[in-house]
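One structure is given below, encoded as structure tokens.
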Amino acid sequence: MRRLAAIVLMFALTSCAGGAGDTPEAHATSPPAKPSTTRKGVALACGATKVQLPAMPAGLRRAGTFRRLGSLTRRLDVKGVTWRHSDEQVYVGVVCGVRTAEQFATLVSRSALTAYKGRPALRWNTRTGLRNFMWLERPGTAVYIGATPGLAAQIKHIAAGVAPSPAP
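Residues -20 to -1, 1 to 148 in mature numbering (1 follows the signal peptide of the UniProt record, and there is no 0) are what the sequence shown spells out, letter by letter.
Structural data, given as structure tokens:
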């Protein structure tokens, strides 16, 4: 029953958003300036599907990699990079192996199912305060972004800069 409800919710959110998901609306005023960047982005891959990450905002330095997300309800292949500024961190990665929207919707317990650019997406917070956002980019590839509270506002900017490789 939960799977059916998750699928119905995903379709309802997609149809209400007109396929636009969380994309910003057009404004009559000039758009805000893009944050300055310090280096080129990184590419991560799930098999033949590559995802190009944007350059991180100024002040963040690369601080390592990660291969596991504790919030996932099942073991999947995770590839990610961590950036740091003082005590604040940003995690960006790919989760490989989720093929359907139904599987994706049940991937993190106690998460909110939403839509991002017409695709199913999950939002959740951990007990430690980490803000998390993940969307199903393609069957088999989900993009994950997590940030500590001081950098949580960067999640939307980073997500907007993620660029998948052309479909194989």
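Where is the CB? At the ideal position from N, CA and C, for every residue including glycine. Nothing here was measured: the structure is a model prediction, and the numbers come from that model.
Checklist entry - Going by other Cβ atoms of all chains shown within 10 Å of its Cβ, with 16 needed for buried, is alanine 28 buried or exposed? => result By the Cβ-count criterion, alanine 28 is exposed, with fewer than 16 other Cβ atoms from all chains shown falling within 10 Å of its own Cβ.
Next on the checklist: Between the region 74 to 88 and the region 47 to 55, can you find at least three pairs of beta-carbon atoms closer than 8 Å?
Outcome noted: Counting Cβ pairs under 8 Å, three or more are found: they touch.
Checklist entry - For valine 31, which residues from the same chain have a beta carbon less than 8 Å from its beta carbon, with the 5 sequence-adjacent residues on both sides left out? => result Excluding sequence neighbours, valine 31 sits near Ala23, Leu24, Ala25, Val74, Glu117, Thr121, Val123, Val142, Ala143, Pro144, Ser145.
Next on the checklist: Buried or exposed, going by whether 16 or more other CB atoms sit within 10 Å of the CB of threonine 53?
Outcome noted: Threonine 53 comes out exposed.
Checklist entry - Taking the alpha carbon of proline 40 as the point to measure from, which residue in Ala127, Ala139, Ala140 has its own alpha carbon closest? => result Correcting the residue identity first, residue 40 is leucine in this sequence and not proline. When C-alpha distances from leucine 40 are compared across Ala127, Ala139, Ala140, the shortest belongs to Ala127.
Checklist entry - Which term fits glycine 44, buried or exposed, when burial requires 16 or more other beta carbons within 10 angstroms of its beta carbon? => result Glycine 44 is exposed by the Cβ-count criterion.
Item to check | DSSP three-state assignment for leucine 24, whether helix, strand or coil | outcome: In this structure, DSSP gives leucine 24 an extended state, which the three-state scheme calls strand.
Checklist entry - Quick one, are the C-beta atoms of phenylalanine 113 and alanine 133 less than 9 Å apart? => result No, the Cβ-Cβ distance between phenylalanine 113 and alanine 133 is not below 9 Å.
Item to check | Close beta carbons around alanine 92, own chain, < 6 Å, minus the five adjacent residues each side | outcome: Counting only Cβ-Cβ distances below 6 Å, and skipping sequence neighbours, we find Arg103.
Checklist entry - Roughly how many angstroms separate the alpha carbons of valine 61 and glutamine 69, rounded to a whole number? => result About 10 Å.
Checklist entry - Enumerated in chain order, which unbroken segments of the beta strand (DSSP E) with a length of 3 residues or greater are wholly contained in the region 68 to 116? => result With a minimum length of 3 residues, the continuous beta strand (DSSP E) runs that stay inside the region 68 to 116 are 68 to 76, 92 to 96, 99 to 105.
Checklist entry - On the three-state DSSP scale, how would you describe leucine 40? => result In the structure shown, the three-state DSSP call for leucine 40 is coil.
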